[in-house]
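Contents: one structure, followed by commentary.
In the working numbering, the protein residues as written are 53 to 243.
Right, dumping it as structure tokens:
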């Protein structure tokens, strides 16, 4: 089984640090963490538009500021390593900067599970464009895509790959799980 993973909110519980960083860019300090998270769960571009953040400011400062937060604030989800171990091949597609993604993976001793990591720095079109997914599928014959947002799963559906929504029952997917322990009973038997 070969799995293509999203990073933030799928392998690692990074949304608390992402929300904290994004709120620094918003002029209205009364905006709740929940409201920011709801918009970010659609996409960062959706949140930028909704809160009136200048795209240039986001591009210039967000990834730098978020990467400076303590890696210990970005833990992996419980039992995700068990799923990584069960797969023959794991790859990542993320909008995160390469250094930040590799630093987190290395800190938690998970980097060795991944054959390839495509990040913001690699020049592919942003998700939901399927360009990076096609590239990885052609190389590794991906069986499943795991993500927490619609834009993570949509490219997989376009290519014809099964999808698994993590902690998001509101998006279209072949499988939905809230915890990685459920993977072994709800997903794996069907691949």
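Idealized CB from N, CA, C, for every residue including glycine.
Beta-carbon proximity check, residue i vs residue j, cutoff 8 Å
i           : j           : result
residue 61  : residue 200 : yes
residue 259 : residue 105 : The question about residue 259 has no answer, for the chain in this structure spans 53 to 243.
residue 56  : residue 132 : no
residue 167 : residue 146 : no
residue 229 : residue 205 : no
residue 162 : residue 127 : no
residue 215 : residue 231 : no
residue 93  : residue 100 : no
residue 186 : residue 211 : yes
residue 183 : residue 177 : yes
residue 98  : residue 123 : no
residue 102 : residue 91  : yes
N-terminal and C-terminal residue of the alpha helix (DSSP H) that residue i is part of
i           : result
residue 208 : 202-211
residue 135 : 132-138
residue 164 : Looking at the DSSP string, residue 164 is not in any alpha helix (DSSP H), and its letter there is neither H nor E.
residue 220 : Unbroken run through residue 220: none, as it is neither H nor E.
residue 120 : Residue 120 -> no alpha helix (DSSP H), and no H or E assigned at all.
residue 183 : 183-192
residue 237 : 235-238
Start and end residues, beta strand (DSSP E) containing residue i
i           : result
residue 156 : Segment 150-159 is the alpha helix (DSSP H) holding residue 156; no beta strand (DSSP E) there.
residue 247 : Residue coverage of the chain in this structure runs from 53 to 243, which leaves residue 247 outside it and unanswerable.
residue 142 : 141-145
residue 227 : 227-229
Contacting residues, own chain, Cβ-Cβ under 6 Å from residue i (five flanking each side not counted)
i           : result
residue 121 : 69
residue 74  : 88
residue 213 : 194, 197
Residues bridged to residue i [DSSP beta-bridge criterion]
i           : result
residue 215 : 197
residue 60  : 64
residue 128 : 64
Sequence-distant residues of its chain with Cβ nearer than 8 Å to residue i (five each side left out)
i          : result
residue 54 : 139, 140, 141, 142, 143, 192, 193, 194, 195, 196
Residues of its chain near residue i, where Cβ-Cβ distance is below 7 Å and the 5 sequence neighbours each way are ignored
i           : result
residue 151 : 119
residue 59  : 144, 146, 148, 153
residue 180 : 203, 206, 207
residue 235 : 135, 229
residue 238 : 227, 229
* **Continuous alpha helix (DSSP H) assignments of at least 4 residues falling wholly in the region 66-107** => 67-75, 85-92, 96-103
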